[in-house]
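Everything below concerns the one structure shown next.
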Ligand code: UDP
Ligand code: MG
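Numbering (our numbering), first residue to last: 21 to 247.
Pasting the structure below:
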C-alpha cells in the first residue's frame with residue numbers, strides 16, 4: 021500500500037464528507053493505493069455516524085473510535101499503530117489542510133529519501149491571537165531541538181512507515197513529532213510550503229492553554245533527549 025492517511029478528529033462532522041471526496045479525487049488521479057484512518061477522538065456531534073456512512077461506501081476507510089476525548093496526540097498514536105502504508109500522511113479534519121499536497125509529500129519521502137517532511141503554513145489563515153504566539157513557539161522549538169523547521173505543529177506531515185512505528189506520541193507531543201523522530205535517530209527531516217485555509221466549519225479545539233502545555237512538553241522532551 022502506498023499511503024496511509026491518518027486523520028484525528030474531534031467534532032468535525034460537517035467537514036468529513038467534503039474532506040473525503042477531495043482525498044478520493046486526489047488518490048484516484050494519482051493511482052495511489054491507500055487507506056484513510058479516521059480517529060474519532062470522543063466527538064459529541066455525529067462525526068462517528070458520518071464516518072460509518074462513508075465507510076459503507078468506500079473500502080478504503082477505516083475508523084477508530086475513542087470513548088471520550090483523549091487529545092490529538094493519542095489519536096495520532098493509535099492511527100500510527102494501525103497504519104500499513106509505505107508513507108504515512110497526517111492531516112487535520114477541518115479542511116484547513118489541502119489534500120492536493122499529498123502527491124508531492126509522497127514524492128519527497130519516496131524519491132528524495134526524507135524520513136519526515138513537515139508542512140509549513142507560510143501564509144496562515146488564523147487569527148492574530150494565534151499567529152504571533154506561534155512564531156515565538158516555533159523559535160523556541162528550533163532552539164531546543166536544533167531542527168530548522170518554521171512550523172513544528174503543522175498537522176500536515178509525511179513520514180516513512182518505519183519512523184511512525186518507532187515513536188510514541190503522548191501528552192500533547194503532536195507539536196513536536198519532528199523532535200521525537202530526531203531523538204529516535206531519524207535525521208533527514210524536510211519541509212514543504214503548504215497551502216492553508218481558514219476553518220470552514222466549527223471552531224478551533226485548542227485554547228490559549230496550548231502554549232502553556234506546549235512549552236511544558238518541550239522542556240520534558242529536552243530533558244529526555246539529554247539522557
Ligand atoms: N483534534 C482532536 N482531538 C482534540 C483536539 C483536536 O482530534 O482533542 C483534531 C481536530 O478535530 C482537528 C485537528 O485535531 O482535526 C486540529 O485541531 P484544530 O483544527 O482545532 O487546531 P488548530 O488548527 O486550531 O491548531
Ligand atoms: Mg484547524
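Ideal Cβ placement from N, Cα and C applies to all residues, glycine included. In this text the structure is predicted, and so the values were computed from the model without any measurement.
Ordered along the chain, which non-local residues of its own chain (more than five positions away) have a Cβ less than 6 Å from that of residue 151? 144
Flag this pair as yes or no: are the beta carbons of residue 28 and residue 61 separated by less than 9 Å? yes
Secondary structure of residue 215, DSSP reduced to three states: coil
Can at least three beta-carbon pairs, one atom from the stretch 87–98 and one from the stretch 49–56, be found at a separation below 8 Å? For the pair of segments examined, the stretch 87–98 was found not to touch the stretch 49–56: the number of CB pairs separated by less than 8 Å stays below three.
Would you call the stretch 223–240 in contact with the stretch 125–139, where contact means no fewer than 3 C-beta pairs closer than 8 Å? Put simply, the stretch 223–240 does not touch the stretch 125–139. Fewer than three CB pairs are less than 8 Å apart.
With DSSP as the reference, label residue 90 as helix, strand or coil. In the three-state DSSP reduction, residue 90 falls in the coil class, being neither helix nor strand.
Would the beta-carbon of residue 151 be found less than 8 Å away from any heavy atom of the ligand MG? no
Would you check if the distance between the CB atom of residue 107 and the CB atom of residue 49 is smaller than 9 Å? No.
Please work out which residues of its chain come closer than 8 Å, Cβ to Cβ, to residue 66, disregarding the five sequence neighbours upstream and downstream, and give them in chain order. 33
Cβ neighbours of residue 194 in the same chain (closer than 6 Å, five flanking residues each side left out): Its chain contains 92, 93 and 96 as the residues whose beta carbon lies nearer than 6 Å to that of residue 194, once the 5 sequence neighbours on both sides are disregarded; these appear in chain order.
The stretch 66–85 / the stretch 157–174 touching (three or more Cβ pairs under 8 Å): no
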